[in-house]
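Student: Listed in order, the protein sequences are those of chains B and R. With numbering that gives the first Met the number 0, the residue at position 136 of the first sequence is 135, and numbering never jumps. With numbering that gives the first Met the number 0, the residue at position 94 of the second sequence is 93, and numbering never jumps. Don't be surprised by glycine CBs; every beta carbon is placed ideally from N, CA and C. Structure incoming, see below.
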Amino acid sequence: MVEDAPDVETTGWRVADEVLEALLETIRESDEDGQPTIDFDGFVAERLADGSAYRLETPTATVEIEASTVADAGASPASRDDPSRALEPIAPYVTNWYVWERTVGGRETARRAFLRWCEGAPLDDPDVETGETKTDASDVLERYDALESGVVRHWGELEITARLARESSGHSGCGERVYEIRHVQDADATDETLEDHNDPRDAREIVTYDEDGRYRPLKTAPTLVTGWHFAGLSGDDLVETVRTIYPATIANWHREQRGDLDVDHWLETAERQTGIYDVIDELPREALEWLTEACCVDSQCLKRREWEYAADEPIDTDHGDGVFPCREPCSLVVAAARKWAILESEEEKTWELELTTTEMNQLAEIVNAVADGRVDEIREADVYDGANRYRARYLRAKRMDDGSFGEEATDR
Amino acid sequence: MQALVIAAHGSHLNPDSAQPTYDHADTIRKTGAFDEVREGFWKEEPHFREVIRTVESDEVFVVPLFISEGYFTEQVIPRELRLEGWDPDLWDSDGTDATEVTLEVGDAEKTVHYCGPVGTHDAMTDVIVKRAETVTDDPDVGPGFGLAVVGHGTERNENSAKAIEYHTERIREMDRFDEVRALYMDEEPEVDDVTDYFESEDVVVVPLFVADGFHTQEDIPEDMGLTDDYRTGWDVPGIVDGQRIWYAGAVGTEPLMADVILERAVDAGADVGDALEQVESWTSETPAAGD
Ligand code: SF4
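Here is the structure:
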């Protein structure tokens, strides 16, 4: 064992037995030219020309291991102590390699890409041309530094924190990551004030009802309740939890990252429908602006709308800033569109109503209050608000008969 | 790697609609028979449209958690999953025989084994009987009892009645209950007149529905006269015209349903090890009678 760069500060990281074994085994299983196959996140293993040793190179330090150590690895566990200590200067690179290649695995999967994103590592799909696929030299050390204090990412209303699991906290010391999820609004809450969870399936309860106990049919509506957290999650459990809270968002985001998100625009989706939804392709073109304004903007849904009326016919409504894309009109929008398609087939008429200017404005205030979900916030005695209950009851008593503004309005 | 996708209807309005889907999926997860188990929905998320892409496995078994062959199993699910080359004739079924067809999907490099619905599988007969045992709290229920299997009726889908008849006939052949009849919500013989169709003093009523919802929790109990207002609940058993009605609620909530889902996947070639035995042993713990 030769240490090539003794001046490099040790990182305080150790290479656990398990990791060492995997490393030596991988080096041993060289390719047909006798070259080891490690080239990952700035960590490269190479056999010296004379075959006497292997060079393990990272941007900040290089370590050499004698060929005999590698060859004996399996047979002489007693000698392990030595290589393990010698690897300390490059330990983060080694454990980083181990975590991604052995623990996480799943090259090119959405799961892996998401976990990389969670700690700010670039995607490592080989065929992605985002221009960021190769790690910058010192990235792993920077990342380990950041992971030490926690890398925080936002995914919809979720705040996800990735950390390195230290041996001292009962972990293996294999570079394992642990994750925490909480509501973004609970960013500053202390752990004790949050309900503690660690089973991804607990998330099902959390996503089912909003703060007022109403059922949430759209999982990406910005109405996720606060007051809980999932702590100490493994990567797999993190993905499972996110999948439960925001189904299929990771898969579609990953497709988008790879540049192959398959968007189905309004017309394609509408024309595909059958049964009671067959009518939705009759919704007038201009209604799509209103529909997306009603359902898809950020205040209603955290997905970023990528679908348009047709590929060459964009809808003007704001698409939203969400991290994850919406690739086709969802079932809620399809169901609502059925109602609107039917309503839009009705003829327009001119109405004559006796209202004061303030009463006319009050109607607008009521519509706004309902549309903005503000009704519950209006104070009982706030008669200055046109959508106040007493104000609405007064208007009804004065201007309406049998719950309607006039005979004709009920005469459909 | 192999994945199981349970394809269910779900609801925009009723949070309980998906509960049986999650429960059965959890049971199957616990067996470890599949590398991945996912729920996919028509009205919830992940949608049928996007569920296949959420699995890593190359081989995906899709089991519709539907009672009968028809609009959903023949049109909606195959279309939304993008099953390439799908044609209902591939099932070669006259309404209750669909087993499996293997196809590719248009949006992922995966092989999908598209299975027949749970409701028409032979194992479903046992679940109906099991439901009767559960609601009466008697593993030997049968003698002295009538059993009504309740379905929608033909109005919406003629195969729905076929599935009801099929299981009714199979239970009748067991010779376990004194009387076995199929009743419907929207055609004769109607569930409203349940006591007209049975002579037994005790009648177990099992609706062949996947989940509890308006039909099973509101319409049927009121139609049978078990209660005037579903919101105030009803007794089990409840007395109607001097007969005891043991109303079971949706058969799909019975834990043994997980077994039918597995059977469907096995018929389609899934290797599930001893998962069937595991599920049967977990669900055979019928509560001790008479406590
Ligand atoms: S269509 Fe997409 S953006 Fe619009 S509400 Fe549905 S999920 Fe959200």
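Per the DSSP calculation, Ala7(R) is bridged to which residue(s)?
Tutor: Reading the second sequence from its first residue, position 8 is the one you call residue 7(R). BP columns for Ala7(R) point to Phe40(R).
Student: Please list, in chain order, the chain R residues whose beta carbon lies closer than 9 Å to that of Leu331(B).
Tutor: To locate residue 331(B), count along the first sequence from 1; it is residue 332. By Cβ distance, chain R contributes His11 and Lys42.
Student: Mind listing the chain R neighbours of Pro328(B)? Cutoff is C-beta to C-beta under 7 Å, in chain order.
Tutor: Counting from one through the first sequence, the residue named residue 328(B) turns up at place 329. Correct list: empty, because the minimum Cβ distance to chain R is about 10 Å.
Student: State yes or no: is the beta carbon of Glu49(R) nearer than 8 Å to at least one beta carbon in chain B?
Tutor: Counted from its first residue, the second sequence places residue 49(R) at position 50. So yes, Glu49(R) belongs to the interface.
Student: Going along the chain, which residues of the segment 207-218 of chain B sit with their C-beta nearer than 9 Å to a C-beta in chain R?
Tutor: Thr207, Tyr208, Tyr214, Arg215, Pro216, Leu217 and Lys218
Student: Alpha carbon to alpha carbon, how far is Ala60(B) from Ala85(B)?
Tutor: By 1-based counting over the first sequence, the position of residue 60(B) is 61. By 1-based counting over the first sequence, the position of residue 85(B) is 86. Between Ala60(B) and Ala85(B), the C-alpha separation is close to 11 Å.
Student: Need the endpoints of the beta strand (DSSP E) that Asp195(B) sits in, please.
Tutor: The count along the first sequence starts at 1 and reaches residue 195(B) at position 196. Counting along the chain, the beta strand (DSSP E) containing Asp195(B) begins and ends at Glu194 to His196.
Student: Taking only three categories from DSSP, how would you classify Val117(R)?
Tutor: Here the question's residue 117(R) lines up with position 118 in the second sequence. In the structure shown, Val117(R) sits in a helix (DSSP, three-state: H, G or I).
Student: Would you call Val382(B) buried or exposed, if buried means 16 or more other Cβ atoms sit within 10 Å of its Cβ?
Tutor: Residue numbering aside, residue 382(B) sits at position 383 when the first sequence is read from its first letter. Exposed.
Student: Just to confirm my understanding: we take Lys109(R), look at its own chain, exclude 5 residues before and 5 after, and list those with CB closer than 8 Å. What are they?
Tutor: Locating residue 109(R) in the second sequence gives position 110, where the first residue counts as 1. Apart from the 5 residues on each side of it in sequence, Lys109(R) sits with its Cβ closer than 8 Å to the Cβ of Ile51, Val54, Ser56, Asp57, Glu58, Val59 and Glu103 in its chain, given in chain order.
Student: Just checking: is the beta-carbon of Pro14(R) within a distance shorter than 8 Å of some beta-carbon in chain B?
Tutor: Against the second sequence, residue 14(R) aligns to sequence position 15. With 8 Å as the cut-off, Pro14(R) counts as an interface residue toward chain B.
Student: Mind listing which residues have their beta carbon within less than 5 Å of any non-hydrogen atom of the ligand SF4? Chain order is fine.
Tutor: In chain order, the residues positioned with their C-beta nearer than 5 Å to some heavy atom of the ligand SF4 are Cys294(B), Cys295(B), Cys300(B), Lys302(B), Arg304(B), Cys325(B), Pro328(B), Cys329(B) and Val332(B).
Student: Helix, strand or coil for Ser51(B) per DSSP?
Tutor: Numbered from 1 along the first sequence, position 52 holds the residue referred to as residue 51(B). In the structure shown, Ser51(B) sits in coil (DSSP, three-state: anything other than H, G, I, E or B).
Student: Which runs of the alpha helix (DSSP H), 4 residues or longer, sit entirely within the segment 77-110 of chain B?
Tutor: 80-85 and 90-97
Student: Would you decide whether Glu262(R) is buried or exposed? Buried here means 16 or more other CB atoms lie within 10 Å of its CB.
Tutor: The residue you call residue 262(R) lines up with position 263 of the second sequence. Under this definition Glu262(R) is a buried residue.
Student: Do Asp317(B) and Val332(B) have their C-beta atoms closer together than 8 Å?
Tutor: Position 318 of the first sequence, counted from the first residue, corresponds to residue 317(B). Position 333 of the first sequence, counted from the first residue, corresponds to residue 332(B). Taking 8 Å as the Cβ cut-off, Asp317(B) and Val332(B) do not qualify as a contacting pair.
Student: Residues in its own chain within less than 7 Å of Glu288(B) by CB, not counting five upstream and five downstream?
Tutor: Stepping through the first sequence from its first residue, residue 288(B) is reached at position 289. So the list reads Ile314, Asp315 and Thr316, once near-sequence residues are dropped.
Student: Rounding to the nearest angstrom, what Cα-Cα distance links Pro87(R) and Phe176(R) in this structure?
Tutor: For this step, residue 87(R) is matched to residue 88 along the second sequence. For this step, residue 176(R) is matched to residue 177 along the second sequence. Spanning the two alpha carbons is a distance of roughly 36 Å.
Student: Tell me whether the segment 204-224 of chain B and the segment 279-293 of chain B touch, counting them as touching only if at least three CB pairs, one residue from each stretch, are closer than 8 Å.
Tutor: no
Student: With a threshold of 16 other CB atoms inside 10 Å of the CB of His153(B), please say whether the residue is buried or exposed.
Tutor: Within the first sequence, the letter at position 154 stands for residue 153(B). With fewer than 16 other Cβ atoms inside 10 Å of its own Cβ, His153(B) counts as exposed.
Student: For the beta strand (DSSP E) containing Leu102(R), list its first residue and its last residue.
Tutor: In the second sequence, counting from the first residue as 1, residue 102(R) sits at position 103. Glu99 to Val104 is the span of the beta strand (DSSP E), which, as asked, contains Leu102(R).
Student: Shorter than 8 Å from the beta carbon of Arg230(R) to some beta carbon of chain B?
Tutor: Counting from 1 along the second sequence, the entry for residue 230(R) is found at position 231. Not closer than 8 Å to any Cβ of chain B, the Cβ of Arg230(R) fails to qualify, so no.
Student: For Ser67(R), is the classification buried or exposed, using 16 other Cβ atoms within 10 angstroms of its Cβ as the cut-off for buried?
Tutor: Taking the first residue of the second sequence as 1, we reach residue 67(R) at position 68. Buried, because 16 or more other Cβ atoms sit within 10 Å of the Cβ of Ser67(R).
Student: Under 8 Å, with one C-beta from each stretch per pair, do the segment 299-308 of chain B and the segment 11-28 of chain R reach the 3-pair mark?
Tutor: no
Student: With 16 as the cutoff for other CB atoms within 10 Å, does Val369(B) come out buried or exposed?
Tutor: To locate residue 369(B), count along the first sequence from 1; it is residue 370. Looking at its Cβ environment, which holds fewer than 16 other Cβ atoms inside 10 Å, Val369(B) is exposed.
Student: For Gln1(R), which beta-bridge partners are listed by DSSP?
Tutor: Locating residue 1(R) in the second sequence gives position 2, counting from the first residue. Answer is Glu58(R).
Student: In chain B, which residues lie less than 8 Å from Gln1(R) when you measure between Cβ atoms?
Tutor: Here residue 1(R) corresponds to residue number 2 of the second sequence, with the count starting at 1. Result: empty, since nearest Cβ-Cβ is about 16 Å, beyond 8 Å.
Student: I'd like to check one pair, Gly319(B) with Thr219(B): are the Cβ atoms closer than 8 Å?
Tutor: As a working note, residue 219(B) is residue 220 in the first sequence. As a working note, residue 319(B) is residue 320 in the first sequence. Contact flag unset, no.
Student: Of the residues that make up the segment 17-31 of chain R, which ones have a beta carbon closer than 8 Å to any beta carbon in chain A?
Tutor: Note that chain A does not occur in the displayed structure, where the protein chains are B and R.
Student: The segment 45-72 of chain R: which residues have C-beta closer than 8 Å to a C-beta of chain B, in chain order?
Tutor: Pro45, His46, Arg48, Glu49, Val50, Arg52, Thr53, Glu55 and Tyr70
Student: Ends of the alpha helix (DSSP H) at Ile377(B)?
Tutor: Within the first sequence, the letter at position 378 stands for residue 377(B). Careful: Ile377(B) lies outside any alpha helix (DSSP H) and carries neither H nor E.
Student: Out of Val100(R), Gly251(R) and Leu225(R), point me to the one whose CA is closest to Gly268(R)'s CA.
Tutor: In the second sequence, the residue the question calls residue 268(R) occupies position 269. Taking only the C-alpha atoms, the option nearest Gly268(R) is Val100(R).
Student: Taking the runs of the beta strand (DSSP E) that are 3 residues or longer, which of them lie wholly in the segment 158-231 of chain R?
Tutor: 178-183 and 201-206
Student: For Val204(R) and Ile244(R), which I take to be in contact (beta-carbon distance under 8 Å), what is that distance rounded to the nearest angstrom?
Tutor: In the second sequence, residue 204(R) corresponds to position 205, counting from 1. In the second sequence, residue 244(R) corresponds to position 245, counting from 1. The pair is a contact, with the Cβ atoms about 6 Å apart (cut-off 8 Å).
Student: When you compare the segment 244-253 of chain R with the segment 125-137 of chain R, are there three or more beta-carbon pairs, one atom per stretch, that lie closer than 8 Å?
Tutor: A contact between stretches requires three or more CB pairs, one per stretch, nearer than 8 Å, and the segment 244-253 of chain R meets this requirement with the segment 125-137 of chain R.
Student: From the DSSP output, which residues share a beta bridge with Thr110(R)?
Tutor: As a working mapping, residue 110(R) is identified with position 111 in the second sequence. In the DSSP output, where bridge partners are listed per residue, Thr110(R) has Glu58(R) and Glu103(R).
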